[in-house]
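Counted from 1, the sequence shown has number 248 at position 250 by the numbering used here; the numbering is strictly sequential.
Working notes, structure below.
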Amino acid sequence: MGSERQERMGALGARLRVLRTEAGLTGAALAQRAGVGQPTVSKVETGRMVPSLDVLNRLSCALGLDASTAREVRDLLAAVVAAADSDQLADGATPVGTTVDEEVRSARLVRSFQCVVLPAMLQSAEYARHVFASEPNSTPEAVGRAVAARVERQSVLYEPGRESVFVLTEAVLRTWPGTPALMLAQLDRLLAVESLSTVRLGVVPWRRPVPVLPRHGFTLCDQRAVVVEAFAGERVSVDSAELAAYEETFGRFERAAVFGGEVRELLLRVMKEFRDLGDAVTP
């Protein structure tokens, strides 16, 4: 991480910490008021995490900031983003996938549909490494940072008060990078995540026709934003008409999917096929 960006992150965090102290709030109390995790408040204040604009606005509202002070902290965040852009020009672009990670981090309800690649929040570290490494002009250093950040952000899956709904086509389970062993570990992770009370995992099996032909994956964050994912990058939209269209589309895929015991049976069946494949494939 560039020294200028780190310095600006520290300035933003220090300012928020002062404002919280002046408001007479603990970090836990601020987190509860803002509707974010307490670790988020701690990491932002110590300069270890860049908040999304949505998270910053939630913190500002929870702190009761006036318009001038709210604008001040937004300007501090803008300075962090500008420094990050400068770092990327020097070190190579940040791999695709960081936008969806940040948006998901600040949402209480996440609904993600994927037709080729596993949702970011469900990827194992090794699977994510292949995802980021496939980006043009990626570097080992940038890939390593992106993988570490993605794995850290996946902790939101375990936080009470959050709900995550993932719907995949069966093709996602059968589109694999690396080796069969990598996919066996990845599918085992899906089995573990599926058992969480905060997660619903659905798969549209190949034996069922899809309700619409999927062109790309997308992730709905609360009812405020959709992250549209494509080969060239990610686009965040808060347009109400576009949000409504993606919500309707997600609902159609969700109704076509199987959940619970049927998903577990499907995952176990695919795992067996990867074991058999592993006996026949030479890496």
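Using N, Cα and C, we set each Cβ at its ideal position, and we do this for glycine too.
Measure the Cβ-Cβ separation of LEU180 and TYR244 and say whether it is below 8 angstroms. LEU180 is not a Cβ neighbour of TYR244, given a cutoff of 8 angstroms.
Hey, VAL115 and GLU168: beta-carbon distance below 8 angstroms or not? The Cβ atoms of VAL115 and GLU168 lie no closer than 8 angstroms to each other.
Distance between GLU263 and PHE272 (C-alpha atoms, nearest Å): Distance between the alpha carbons of PHE272 and GLU263 is about 14 angstroms.
Assign GLU101 to one of two classes, buried (16 or more other C-beta atoms within 10 Å of its C-beta) or exposed (fewer than that). Answer is buried; the Cβ neighbour count reaches 16.
Need the endpoints of the beta strand (DSSP E) that GLY231 sits in, please. Where GLY231 is concerned, the enclosing beta strand (DSSP E) stretches over 231 to 235.
When the Cα of ALA254 is compared with those of ARG31, VAL165, THR19, which residue comes out closest? When only C-alpha atoms are compared, the closest one is VAL165.
Put THR173 into one of helix, strand or coil per three-state DSSP. DSSP places THR173 in the coil class of the three-state scheme, outside both helix and strand.
With respect to the alpha helix (DSSP H) encompassing THR247, which residues constitute its N-terminal and C-terminal limits? Membership of THR247 in the alpha helix (DSSP H) is indicated by the continuous run 238 to 254.
When we look at the beta-carbon of TRP174 and count the other beta-carbons within 10 Å, is it buried (16 or more) or exposed? The residue in question, TRP174, is buried, as its Cβ has 16 or more Cβ neighbours within 10 Å.
Go through the segment 9 to 84 residue by residue and report every complete run of the alpha helix (DSSP H) that reaches 4 residues or more, in order. Taking only runs of at least 4 residues, the alpha helix (DSSP H) segments lying wholly in the segment 9 to 84 are 25 to 32, 36 to 43, 51 to 61.
Any idea if ALA140 is buried or exposed, counting beta-carbon neighbours within 10 angstroms, 16 or more meaning buried? Buried is the call here.
Following the continuous beta strand (DSSP E) through GLN221, name the residue where it begins and the one where it ends. Annotation for GLN221: no beta strand (DSSP E) segment contains it, and DSSP assigns it neither H nor E.
Check the C-beta distance from ALA60 over to ALA32 and give it rounded, since I have them as a contact under 8 angstroms. About 4 angstroms; that satisfies the 8 angstroms criterion.
In angstroms, rounded to a whole number, what distance separates the CA positions of LEU211 and TYR156? Near 32 angstroms, if we compare the C-alpha coordinates of TYR156 and LEU211.
Three-state secondary structure assigned by DSSP to SER195: For SER195, the secondary structure class from DSSP, reduced to helix, strand or coil, is coil.
Express the C-alpha separation of ALA144 and PHE130 in angstroms, rounding to a whole number. Cα to Cα, the separation comes out at about 7 angstroms.
Spatial neighbours of ALA9 within its chain, please: C-beta separation below 7 angstroms, excluding the five flanking residues on both sides. Excluding five sequence positions before and after ALA9, the CB atoms of its chain that fall closer than 7 angstroms to its own CB belong to LEU74, given in chain order.
Spatial neighbours of ARG233 within its chain, please: CB distance less than 7 angstroms, with the 5 preceding and 5 following residues excluded, ordered by chain position. Contacts found: VAL226.
Starting from the C-beta of SER238, find all residues in its chain whose C-beta is less than 6 angstroms away, skip the five residues before and the five after it, and write them out in chain order. Nothing meets the Cβ criterion.
Rounded to whole angstroms, what's the CA-CA distance from SER40 to GLU20? Just pull it up for me. When the Cα atoms are used, SER40 and GLU20 turn out to be separated by approximately 16 angstroms.
Residues near LEU241 by beta carbon distance below 6 angstroms, same chain, minus five either side: Excluding residues within five positions, the ones whose Cβ falls inside 6 angstroms are VAL224.
Taking the Cβ atom as the reference point for each residue, do THR196 and VAL108 lie within a distance shorter than 8 angstroms? Result no, Cβ atoms of THR196 and VAL108 do not sit closer than 8 angstroms.
Buried or exposed (CB count within 10 angstroms, at least 16 for buried), THR92: Because THR92 sits at a pLDDT of 47, beneath the cut-off of 50, its placement in the model cannot be relied upon, and the following sentence gives the value as read from the coordinates. With 16 or more other Cβ atoms within 10 Å, it is buried.
Do you know whose CA, among ALA26, ARG103, VAL48, GLY258, lies nearest ALA190's CA? Taking ALA190 as reference, the option from ALA26, ARG103, VAL48, GLY258 with the minimal CA-CA separation is GLY258.
Which of the three DSSP states is assigned to GLY215 in this structure? Under the three-state reduction of DSSP output, GLY215 falls in the coil class, being neither helix nor strand.
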